[in-house]
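Chemist: Its first residue numbered 0, the sequence shown is counted upward by one per residue in numbering that gives the first Met the number 0.
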Amino acid sequence: MNININYEDPSFQHDEYEKVIDRVCEEAALVYDLGPKAEISILLCHNDYIHTLNKQYRNIDRPTDVLSFALNEGEEDGYDGPDTALLGDIIISLEKVQEQADEYGHSFERELAYLTIHGMLHILGYDHMEPDDKAEMRKEEEFILQRLGYVREGEEL
0 MNININYEDP SFQHDEYEKV IDRVCEEAAL VYDLGPKAEI SILLCHNDYI
50 HTLNKQYRNI DRPTDVLSFA LNEGEEDGYD GPDTALLGDI IISLEKVQEQ
100 ADEYGHSFER ELAYLTIHGM LHILGYDHME PDDKAEMRKE EEFILQRLGY
150 VREGEEL
């Protein structure tokens with residue numbers, strides 16, 4: 000899988016961020032059989048930037064933690080199989096990562112991993128609008144996070 004990580008602000012660049020994102024995306028590629036040609040682009044940004052995108056694309060006038068734009072959005076399942084090359088774009092607010100890590104009492108890395116898999120699952124067609132869909136998506140998120148050791152404080156593998 001090809002993982003392209005970009006930064007809205009060059010001062011954000013950090014090897015640890017890239018390691019977390021790479022691990023999560025590679026695990027998703029393995030579990031969901033995305034194939035070697037699969038490609039995802041991830042942008043790490045400020046709250047102001049994601050706020051602008053959230054307003055523009057979702058008509059929600061506030062920053063959010065993660066946005067996903069699947070290139071085949073509108074397809075029945077959101078993913079065309081392992082020969083698909085370009086999957087889409089994920090945008091993550093690093094400010095929200097820190098805010099939510101503090102709020103939920105876990106590490107920055109765990110929150111970054113969570114938002115990365117959350118975004119990847121949206122790219123793959125998962126949603127959380129209905130209770131059953133939300134439960135399924137949460138189960139998939141926790142499955143990937145636990146495989147990588149990104150558990151919540153007090154949880155055991």
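Each residue gets a CB set at the ideal place from its N, CA and C atoms; glycine is no exception.
Keep in mind that this is a model prediction, so the values were computed, not measured.
Using CA coordinates, which residue listed in TYR149, GLY148, ILE143 is at the minimum distance from ALA28?
Modeler: For the purposes of this step, residue 28 is identified with residue 29 of the sequence shown, where counting begins at 1. The shortest C-alpha separation from ALA28 is found at ILE143.
Chemist: Less than 8 Å between the C-beta atoms of ASP60 and LYS54, yes or no?
Modeler: Residue mapping note: residue 60 aligns to position 61 of the sequence shown, counting from 1. Residue mapping note: residue 54 aligns to position 55 of the sequence shown, counting from 1. In this structure, LYS54 lies closer than 8 Å to ASP60 by Cβ.
Chemist: Is there contact between the segment 27-44 and the segment 88-100, where contact requires at least three CB pairs shorter than 8 Å?
Modeler: yes
Chemist: Do you know whose CA, among GLU135, ALA134, GLU110, lies nearest TYR149's CA?
Modeler: On the sequence shown, residue 149 is found 150 positions in, with the first residue counted as 1. When only C-alpha atoms are compared, the closest one is GLU110.
Chemist: Report the three-state DSSP secondary structure of TYR113 (helix, strand or coil).
Modeler: Residue 113 sits at position 114 when you count from the first residue of the sequence shown. Three-state result, TYR113: helix.
Chemist: Are LEU85 and LEU66 closer than 8 Å when you measure CB to CB?
Modeler: Residue 85 sits at position 86 when you count from the first residue of the sequence shown. Residue 66 sits at position 67 when you count from the first residue of the sequence shown. No, the pair does not count as a contact, with Cβ atoms beyond the cut-off.
Chemist: Near GLU26, which residues of its chain fall below 7 Å by C-beta distance, leaving aside the five closest residues on each side in sequence?
Modeler: Here residue 26 refers to the residue found at position 27 of the sequence shown. Here the set comprises ILE143, ARG146, LEU147.
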